[in-house]
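Chains as they are written, first to last, in the numbering used here: chain L, 1 to 110; chain X, 1001 to 1112.
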């Protein structure tokens, strides 16, 4: 079936460095959502992007939706130890099928 | 606290046991979901209920049986599970289908 591919699987950064995770779909997405799951926790909704080329910011986090609505990225500027966790994208295919990426696990060294 | 409560938090069961997972949401949402989260795999959607009607069943084995008696409660009945069914089972709700998901804390299931 349709899949949403997410890379990298793991990312280890020094505190203060930037971090980016990418999601790609083989088909056009109706929208894409991003979630964060802290270690031992559950996924928590961060944001939803709907429009082609849309860019949204939440403090140090920048979310982008590609022009073709097939890819998306999450960029964190100047990571902090509180950013540790796994970041998931979830793309909505055909308006009724939400597909999660495998997630990118971020660790931050103080 | 997301407004979605799951019990139990942890469950250990043998392959011949019958158990049930419970999920309750206090958000007035109309859609509820069961997801399976295994190590190193994407979140797998198992079942979707919209307005108490099951709208999706992602080829889940019959040893998993969902029940949605009303729009606030969702159960997952487990029967003769296999060790490979060990995972974190997450319940979620959303105002309508395919909107922002609110997840519960999950039930960590171990099948021995």
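Note that beta-carbon positions come from the ideal geometry of N, C-alpha and C, so glycine has one too.
How long is the line joining the alpha carbons of residue i and residue j, rounded to whole angstroms?
{"i": "residue 1089(X)", "j": "residue 51(L)", "result": "32 Å"}
{"i": "residue 41(L)", "j": "residue 73(L)", "result": "23 Å"}
{"i": "residue 1083(X)", "j": "residue 1066(X)", "result": "20 Å"}
{"i": "residue 54(L)", "j": "residue 1033(X)", "result": "28 Å"}
{"i": "residue 1074(X)", "j": "residue 1051(X)", "result": "12 Å"}
{"i": "residue 43(L)", "j": "residue 109(L)", "result": "22 Å"}
{"i": "residue 88(L)", "j": "residue 104(L)", "result": "7 Å"}
{"i": "residue 64(L)", "j": "residue 30(L)", "result": "14 Å"}
{"i": "residue 1031(X)", "j": "residue 1093(X)", "result": "5 Å"}
Hey, residue i and residue j are a contact pair by Cβ (cut 8 Å); roughly how many whole angstroms apart?
{"i": "residue 33(L)", "j": "residue 78(L)", "result": "No, residue 33(L) and residue 78(L) are not in contact; Cβ-Cβ is about 24 Å, not under 8 Å."}
{"i": "residue 1004(X)", "j": "residue 1097(X)", "result": "16 Å between Cβ atoms; not a contact."}
{"i": "residue 13(L)", "j": "residue 100(L)", "result": "Wrong, their Cβ atoms sit about 23 Å apart, outside the cutoff."}
{"i": "residue 92(L)", "j": "residue 98(L)", "result": "5 Å"}
{"i": "residue 86(L)", "j": "residue 75(L)", "result": "No, residue 86(L) and residue 75(L) are not in contact; Cβ-Cβ is about 16 Å, not under 8 Å."}
Run down chain L in chain order and give the residues with a C-beta less than 8 Å from the C-beta of residue i.
{"i": "residue 1036(X)", "result": "Those within 8 Å of residue 1036(X) in chain L number zero; the least Cβ separation is about 11 Å."}
Skipping 5 residues on each side, what residues in its chain have a beta carbon closer than 6 Å to that of residue i?
{"i": "residue 1055(X)", "result": "1048"}
{"i": "residue 1044(X)", "result": "1036"}
{"i": "residue 1026(X)", "result": "1003"}
Listing by chain order, which chain X residues have their CB less than 8 Å from the CB of residue i?
{"i": "residue 45(L)", "result": "1100, 1101, 1102"}
{"i": "residue 42(L)", "result": "1002, 1090, 1103, 1104, 1105, 1106"}
{"i": "residue 92(L)", "result": "1098"}
Spatial neighbours of residue i within its chain, please: C-beta separation below 7 Å, excluding the five flanking residues on both sides.
{"i": "residue 1019(X)", "result": "1011, 1013, 1078"}
Note down, in chain order, each residue of its chain lying with its Cβ closer than 8 Å to the Cβ of residue i, except the 5 sequence neighbours on either side.
{"i": "residue 84(L)", "result": "38, 39, 106, 107, 108"}
- Item | Segments assigned beta strand (DSSP E), at least 3 residues, entirely inside the region 22-94 of chain L | Restricting attention to beta strand (DSSP E) runs no shorter than 3 residues, the region 22-94 of chain L encloses them at 31-37, 44-49, 55-58, 61-65, 71-76, 85-93, ordered along the chain.
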